[in-house]
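A short worksheet on the structure shown next.
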Amino acid sequence: MDESAKLIKSLTDGLEAINKTKIMKEQAAMVLSRQQAAAMPSKQQEQESLSVRAAAFPKFGRLPAELRRHIWKMALPGRRVLEQADGVAEYPELCKKFRPPVIRAVCKEAWEVTEQNGLFVYGSELTASGRTWFNPKQDVIIIRDPGEDCPLGPFEDCRPEIIAVDRRYFEQDQNFRRVLDLVLELDSCRRLIILLRTAPNLTYQKGAAPKLFSLQAEDVIWSYYADEKPNGLFEEDDVSWKKFKDTIRADWDNEIRDSGGMDKIMKYGGVPVIEGMELIMRKEDETSHGF
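Whatever position you read off the sequence shown (first residue = 1), add 69 for my numbering.
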């Protein structure tokens, strides 16, 4: 690694390390500023606002362009979970819509970073739902039924890299193959998330957004008494995430071996990584919109 690459890596590591602390400090400062502003006369508030804007990042433009773009990229929204609403509609909608990244309105350079890292979907032209900015590399798409003709809907041409399927979809044995077919046909897919989602986390409420939390190997995703476990599997025990993941892999290995399609699969990057995550509805925070 040459010296310039080492310098960029060092700057990157440093930025990532201080990012969380910096955000917390900025949010705390914002709260304090609002509290102070509430006690000011209106004219003084206006003057204070102008001075604060003028003092923000006075030397930012002097940074190297590559570093500035990296900072803008770090300010993009964090991972978001997108799910199409139930029902057949001429213009499909999302269960939860997110605002575009706030940095799109800052300057041309920041706007270009959002264009390079995402695109708008669910809202072109006459769609009723409005447009949603989508980052194919980090946003997660929940697929309700991988066996449908167009399970991705408007995301079909967006080259998503992460898709999610609820564990309950695997109740029928043939659905193991349907999920495999989906991830192989979607050559951009690099990760498949199997969702653990309890009843309270199936509905969307105002001000809440779905968040994902990794499952551990020993986490139980089906109890001994559960009725919806996959047919003929796990009849006598609780089902841990590791056990279910191993079952999916074994089933897929058999399907791939019987089809003789391993060479073609490897040509397109292999079978996606399988991860287990629990979906929980949480209060929406600012990471959904960027900083």
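Ideal Cβ positions, reconstructed from N, Cα and C, are used throughout, including at glycine.
All values derive from a computational prediction rather than experimental measurement.
Look at Q185 here: in three-state DSSP terms it is helix.
P169 sits away from P205, with the two beta carbons spaced by 7 angstroms or more.
Annotation: D214 to L261 spans about 14 angstroms, alpha carbon to alpha carbon. Listed as beta-bridge partners of W291 by DSSP are V308. The distance from the Cβ of F167 to that of R149 is about 6 angstroms, consistent with a contact at the 8 angstroms cut-off. About 6 angstroms separates the Cβ atoms of L151 and L163, confirming a contact at the 8 angstroms cut-off. Annotation: L253 is outside any beta strand (DSSP E); the continuous alpha helix (DSSP H) that includes it extends over Q243 to E254. When DSSP states are grouped into helix, strand and coil, D315 belongs to the helix group. Membership of L261 in the beta strand (DSSP E) is indicated by the continuous run R260 to L265.
For L136, the enclosing alpha helix (DSSP H) has its first and last residue at A134 to M143.
For F203, the uninterrupted beta strand (DSSP E) run begins and ends at T201 to F203, by DSSP.
L265 and W321 have their C-alpha atoms roughly 20 angstroms apart. Annotation for F282: the continuous beta strand (DSSP E) segment containing it runs A277 to S283.
C-alpha of T183 to C-alpha of C227: approximately 15 angstroms in a straight line.
The secondary-structure analysis by DSSP pairs R351 across a beta bridge with A278. A direct Cα-Cα distance of roughly 21 angstroms separates E240 from I210. When the beta-carbon positions are compared, A179 and W141 come within less than 7 angstroms of each other.
With a cutoff of 7 angstroms on beta-carbon distance, V234 and V248 are scored as near each other. The Cβ atoms of G222 and P279 do not sit closer than 7 angstroms to each other. The alpha-carbon separation between Q243 and R351 amounts to approximately 33 angstroms. Beta-bridge partners assigned by DSSP to Q153: L163. For A233, the enclosing beta strand (DSSP E) starts and ends at I231 to D235. Taking a C-beta distance under 7 angstroms as the contact criterion, D315 and V289 do not qualify as a contact pair. Counting along the chain, the unbroken beta strand (DSSP E) around I211 starts and ends at V209 to I211. Pairing P341 with R246 gives a Cβ-Cβ distance that is not under 7 angstroms.
Relative to the Cα of D218, the nearest Cα in the group D250, L348 and T201 belongs to D250.
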